[in-house]
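Colleague: Residue numbers (my numbering): 56 to 214.
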């Protein structure tokens with residue numbers, strides 16, 4: 056297995072695991088923005104999911120050499136959870152297919168990102184890091200409304 060193939064699998068697995076977090080969030084809390092004061096800038100589970108879809112699409116464009124889209128006015132433009140999680144998984148699958156193409160010297164090729172130029176080997180890690188970060192935030196939202204269940208899927212324990 057190449058490094059690109061390994062990272063591609065992590066991208067796909069992250070989308071599956073994140074989808075599970077979304078699917079196990081109580082429906083009345085999917086768009087809840089918990090706050091402790093008026094200046095709070097928290098985002099809902101659906102907004103975080105939307106950001107991850109956008110990030111996957113952004114990095115897909117970067118790896119294809121296309122101009123990435125600008126962020127949407129709202130990351131929560133979904134009707135229901137099945138639509139949103141399907142978009143997350145399909146954006147991850149498309150990105151993973153592109154990352155799988157990276158072999159050998161391709162990994163050190165410089166790509167232009169919104170964070171500046173970096174080697175493809177570093178840039179291909181960003182989508183997984185982003186989804187992992189937001190999974191933790193989703194878990195915190197679940198804990199804040201009293202859900203103490205450990206929401207994991209088989210993807211947590213398999214390669």
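Note that CB positions come from ideal geometry on N, CA and C, so glycine has one too.
Consult DSSP for residue 137 and reduce its assignment to one of helix, strand or coil.
Modeller: Against the chain shown, residue 137 aligns to sequence position 82. Correct three-state label for residue 137: helix.
Colleague: Assuming residue 181 and residue 114 make a contact with CB atoms under 8 Å, what is their CB distance in whole Å?
Modeller: Taking the first residue of the chain shown as position 1, residue 181 is located at position 126. Taking the first residue of the chain shown as position 1, residue 114 is located at position 59. 6 Å between Cβ atoms; contact.
Colleague: Which residues in the same chain as residue 101 place their Cβ atom closer than 7 Å to its Cβ, once the five residues preceding and following it in sequence are excluded?
Modeller: Residue numbering aside, residue 101 sits at position 46 when the chain shown is read from its first letter. These residues qualify, in order along the chain: 85, 86, 131, 133, 139.
Colleague: Since residue 157 and residue 173 should fall inside the 8 Å C-beta cutoff, what is the C-beta to C-beta distance between them, to a whole number of angstroms?
Modeller: Counting from 1 along the chain shown, the entry for residue 157 is found at position 102. Counting from 1 along the chain shown, the entry for residue 173 is found at position 118. The C-beta separation of residue 157 from residue 173 comes to about 13 Å, leaving the pair out of contact by the 8 Å criterion.
Colleague: Whole-angstrom Cβ separation of residue 81 and residue 200, contact assumed at under 8 Å?
Modeller: On the chain shown, position 26 is the one that residue 81 refers to. On the chain shown, position 145 is the one that residue 200 refers to. Between residue 200 and residue 81 the Cβ distance is about 7 Å, and since that is below 8 Å, they are a contact.
Colleague: Rank 213, 168, 64 by C-alpha distance to the C-alpha of residue 149 and give the top, closest one.
Modeller: Within the chain shown, numbered from 1, the residue matching residue 149 stands at position 94. Among 213, 168, 64, the Cα nearest to that of residue 149 is on 64.
Colleague: Report back the beta-carbon spacing between residue 195 and residue 69 to the nearest angstrom; my notes put them in contact at under 8 Å.
Modeller: Residue mapping note: residue 195 aligns to position 140 of the chain shown, counting from 1. Residue mapping note: residue 69 aligns to position 14 of the chain shown, counting from 1. At roughly 17 Å, the Cβ-Cβ gap does not stay under 8 Å, so residue 195 and residue 69 are not in contact.
Colleague: Using DSSP bridges, identify the partner residues of residue 174.
Modeller: Locating residue 174 in the chain shown gives position 119, where the first residue counts as 1. DSSP, once it has assigned bridges, lists 165 as partnering residue 174.
Colleague: Should residue 129 be labelled buried (16 or more other beta-carbon atoms within 10 Å of its own) or exposed?
Modeller: Your numbering for residue 129 matches position 74 in the chain shown. When all chains shown are included, residue 129 counts as exposed.
Colleague: Considering only the alpha carbon of each residue, which of 97, 119, 123 lies closest to residue 109?
Modeller: Residue 109 sits at position 54 when you count from the first residue of the chain shown. Of the candidates 97, 119, 123, the residue whose Cα lies closest to the Cα of residue 109 is 123.
Colleague: What would DSSP say about residue 201, mapped onto helix, strand or coil?
Modeller: The residue given as residue 201 occupies position 146 in the chain shown. Coil.
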